[in-house]
Amino acid sequence: MKSKLLKSGHIKLYKRENSNYWQMKIKLPKAKAIRISTGSKILNDAEKISLKYFSTLIKKTNVCIKRSKNIFKKIHLVETDDLTKKEIEFILSESNKFISFNKKRIKKMNLLEGRTIFNLFFEDSTRTRTSFEVAAKRLGADLINVVVKDSSINKGETLLDTMTTINSMNPDILIIRHPEDGISKKISNTVDASVINAGDGSHEHPTQALLDALTIKNKFKDFSKLRIAICGDILHSRVARSNIIILSKLGARINVIGPNEWLPKNIKQFPVKIFTDMKKGLFNCDIVMMLRIQKERIVGKIMSNQKTYFKKYGLDYNKLKYAKKNAFVMHPGPMNRGVEIDSKLADDITRSLIQEQVAMGVAVRMACLDLIIKNRDNLVNN
Ligand code: CP
Numbered sequence: 109m110k111s112k113l114l115k116s117g118h119i120k121l122y123k124r125e126n127s128n129y130w131q132m133k134i135k136l137p138k139a140k141a142i143r144i145s146t147g148s149k150i151l152n153d154a155e156k157i158s159l160k161y162f163s164t165l166i167k168k169t170n171v172c173i174k175r176s177k178n179i180f181k182k183i184h185l186v187e188t189d190d191l192t193k194k195e196i197e198f199i200l201s202e203s204n205k206f207i208s209f210n211k212k213r214i215k216k217m218n219l220l221e222g223r224t225i226f227n228l229f230f231e232d233s234t235r236t237r238t239s240f241e242v243a244a245k246r247l248g249a250d251l252i253n254v255v256v257k258d259s260s261i262n263k264g265e266t267l268l269d270t271m272t273t274i275n276s277m278n279p280d281i282l283i284i285r286h287p288e289d290g291i292s293k294k295i296s297n298t299v300d301a302s303v304i305n306a307g308d309g310s311h312e313h314p315t316q317a318l319l320d321a322l323t324i325k326n327k328f329k330d331f332s333k334l335r336i337a338i339c340g341d342i343l344h345s346r347v348a349r350s351n352i353i354i355l356s357k358l359g360a361r362i363n364v365i366g367p368n369e370w371l372p373k374n375i376k377q378f379p380v381k382i383f384t385d386m387k388k389g390l391f392n393c394d395i396v397m398m399l400r401i402q403k404e405r406i407v408g409k410i411m412s413n414q415k416t417y418f419k420k421y422g423l424d425y426n427k428l429k430y431a432k433k434n435a436f437v438m439h440p441g442p443m444n445r446g447v448e449i450d451s452k453l454a455d456d457i458t459r460s461l462i463q464e465q466v467a468m469g470v471a472v473r474m475a476c477l478d479l480i481i482k483n484r485d486n487l488v489n490n
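Taking this note's numbering, I'd label the letters of the sequence shown as residues 109 to 490.
Spelled out as structure tokens, the structure:
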């Protein structure tokens, strides 16, 4: 026997009535039992398989995430406005616990085993949709991707009817991306399931801002010493809005930089300094967060020539010199290379945190799914 820990007595092999398959149960003293089907009809093979896979099984089931005192007690995550500084800090510290787990060879735990989560994306997405899917699956939940373009929405069903229909399948969480501002909140008032806003029109993208905050926190620790520039199409950007709210609550000072026509009319209501000139706006900044021109939301409006735009507002090595010496570059993606950001700079891992943002996205979404489901459980139990 290879394993020093595992002995024959710890393995029970059995076959259920009318079943062709052997099952095995591994039970170490003082440890939770592990059950698995061998898929083999042969007893000896089953024992060999159990010994061979024991280390994998142990890694899969024994991952332990230490829980801190829960500060975030909400069952929906639809906007950042109603998050307190303490709640944001708590979500970030819970997210941190998943970072090293996400680097392990075997990335599977059973924290959310048996839970049902729906991805409902009514707008295109690469990062957010897949990252929620990876997060849910790593936690052991069942995630269903609804292919909206093949759904009954095309036959005239209303959005709220679709949500009510899915709600009747007793899901735990609906993750929603939709072009309408405020739709996630509306849906959260209609369904029993929890709702996570994965981007609603030009309004909010809470998990993007949380993952950006986690990326920054892991580089700088103290937000109160930071000045962060958010540059580009501020008017149409849900990422800009959620980041302004979250990063300023954490204590960072924010500069917004963009053409006048792409600054929201109510921008002065936000705790930001406003610039239309990159040189002035980037002065003394530790982070430069670039935004994509939201072409899909500029329908019918005049859009600057892309070359002219890049010359004035696109970030390259020369403009980055206006910021602090070692300033980092961020971008939520998807990027338009050569429009808002120089391609070489985007790929320069000594300056760009773009891939780090994607990695932090999985950790943040794991924490959000876990916390929201635990909060739902607590509501039912109390
Ligand atoms: N940042 C972001 O929301 O990217 P996707 O549109 O690819 O999800």
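Just so you know, even glycine gets a beta-carbon here, dropped at the ideal spot from N, CA and C. From a predicted model like this one, the values you see are computed outputs, not experimental measurements.
Alpha carbon to alpha carbon, what distance is there between Ala471 and Thr270? Your numbering for residue 270 matches position 162 in the sequence shown. Your numbering for residue 471 matches position 363 in the sequence shown. Cα to Cα, Thr270 sits roughly 29 angstroms from Ala471.
Cβ-heavy atom distance between Ser233 and the ligand PLP below 8 angstroms? For the structure depicted, the ligand PLP is absent and the ligand set comprises only the ligand CP.
Residue of Lys452, Ile324 and Leu355 minimising C-alpha distance to Thr188: Here residue 188 corresponds to residue number 80 of the sequence shown, with the count starting at 1. The residue with the shortest Cα to Cα distance from Thr188 is Leu355.
Can you give me the C-alpha to C-alpha distance between Lys482 and Gly359, rounded to a whole angstrom? Position 374 of the sequence shown, counting from 1, holds the residue named residue 482. Position 251 of the sequence shown, counting from 1, holds the residue named residue 359. If I take the Cα positions, the gap works out to 28 angstroms.
Could you check what DSSP says for Ala493 in three-state terms: helix, strand or coil? As shown, the chain starts at 109 and ends at 490. That puts residue 493 outside it, with no answer to give.
Mind pulling the beta strand (DSSP E) runs of 3 or more residues that sit fully within the region 351-401? 361-365, 380-383 and 395-398
Under the three-state reduction of DSSP, which class applies to Tyr421: helix, strand or coil? As a first step, residue 421 is located in the sequence shown; it is residue number 313 there, counting from the start. Here Tyr421 carries a helix assignment [DSSP, helix/strand/coil].
Cβ of Gln316 within 8 angstroms of any heavy atom in the ligand CP? Numbered from its first residue, the sequence shown carries residue 316 at position 208. Yes, the ligand CP has a heavy atom inside 8 angstroms of this Cβ.
Cβ shell of Lys245 (< 7 angstroms), same chain only, five flanking positions each side left out: Stepping through the sequence shown from its first residue, residue 245 is reached at position 137. If we look at Lys245 and ignore the five residues flanking it on each side, its Cβ neighbours are Leu251.
Just checking Gly512 against the ligand CP - is the residue's beta carbon closer than 8 angstroms to any of the ligand's heavy atoms? The question about residue 512 has no answer here: the residues shown for the chain are numbered 109 through 490.
Taking the runs of the alpha helix (DSSP H) that are 4 residues or longer, which of them lie wholly in the region 241-323? 267-275 and 291-296
In the DSSP assignment, find the alpha helix (DSSP H) that holds Ala475 and state where it starts and stops. Reading the sequence shown from its first residue, position 367 is the one you call residue 475. Unbroken alpha helix (DSSP H) run through Ala475: Ile462 to Asn489.
Excluding the 5 residues flanking Ile166 on each side, which residues of the same chain have their C-beta closer than 7 angstroms to its C-beta? Taking the sequence shown and counting its residues from 1, one reaches residue 166 at position 58. At Ile166, the pLDDT of 48 sits below 50, so the modelled position is not reliable and the matter cannot be decided from this model.
Considering only C-alpha positions, which residue in the set Ile336, Tyr417, Ile352 and Thr416 is nearest to Phe436? As a first step, residue 436 must be located in the sequence shown, where it is residue number 328. Answer by Cα proximity: Ile336.
Hey, is Ser186 close to the ligand CP, as in C-beta under 8 angstroms from one of its heavy atoms? By one-based count along the sequence shown, residue 186 stands at place 78. It should be noted that the sequence gives Val, not Ser, for residue 186. Incorrect: Val186 has no Cβ contact closer than 8 angstroms to the ligand CP.
Own chain partners of Pro379 with C-beta closer than 6 angstroms, once the 5 adjacent residues on each side are dropped: Here residue 379 refers to the residue found at position 271 when the sequence shown is read from its first residue. Counting only Cβ-Cβ distances below 6 angstroms, and skipping sequence neighbours, we find Ser356.
Assuming Ile225 is part of the beta strand (DSSP E), what are its boundary residues? Residue numbering aside, residue 225 sits at position 117 when the sequence shown is read from its first letter. Unbroken beta strand (DSSP E) run through Ile225: Thr224 to Phe229.
What do you reckon, are the CB atoms on Val447 and Tyr417 nearer than 9 angstroms? As a first step, residue 447 is located in the sequence shown; it is residue number 339 there, counting from the start. As a first step, residue 417 is located in the sequence shown; it is residue number 309 there, counting from the start. Yes; because the gap between Cβ atoms is below 9 angstroms, this pair is in contact.
Considering only their Cβ atoms, is the gap separating Ala317 from Ser233 smaller than 9 angstroms? For this step, residue 233 is matched to residue 125 along the sequence shown. For this step, residue 317 is matched to residue 209 along the sequence shown. No, the Cβ-Cβ distance between Ser233 and Ala317 is not below 9 angstroms.
Are there 16 or more other CB atoms within 10 angstroms of the CB of Leu487, so buried, or fewer, so exposed? As a working mapping, residue 487 is identified with position 379 in the sequence shown. The residue in question, Leu487, is exposed, as its Cβ has fewer than 16 Cβ neighbours within 10 Å.
Does DSSP put Lys325 in a helix, a strand or coil? In the sequence shown, counting from the first residue as 1, residue 325 sits at position 217. The answer is helix: DSSP assigns Lys325 an H, G or I state.
Examine the Cβ distances between the region 456-466 and the region 438-445 and report whether three or more of them are shorter than 8 angstroms. yes
Counting pairs of beta carbons, one from the region 320-331 and one from the region 283-300, are three or more of them closer than 8 angstroms? no
Boundaries of the beta strand (DSSP E) in which Lys120 is found, first to last residue: Here the question's residue 120 lines up with position 12 in the sequence shown. Note, Lys120: beta strand (DSSP E), Ile119 to Lys123.
Residue range of the alpha helix (DSSP H) that Ala454 falls in? Position 346 of the sequence shown, counted from the start, is the residue given in the question as residue 454. Ala454 -> alpha helix (DSSP H) spans Ser451 to Asp455.
Residue nearest to Asn374 in terms of C-alpha spacing, selected from Arg223, Lys263, Arg349 and Asn392: Sequence index remark: in the sequence shown, residue 374 carries index 266 (1-based). Nearest of Arg223, Lys263, Arg349 and Asn392 to Asn374, Cα basis: Arg349.
Apart from the five residues just before and just after Asn170, which ones in its own chain have a Cβ nearer than 6 angstroms to its Cβ? For this step, residue 170 is matched to residue 62 along the sequence shown. Note that Asn170 has pLDDT 48, beneath the 50 cutoff, so the model's placement of it is unreliable and no number is given.
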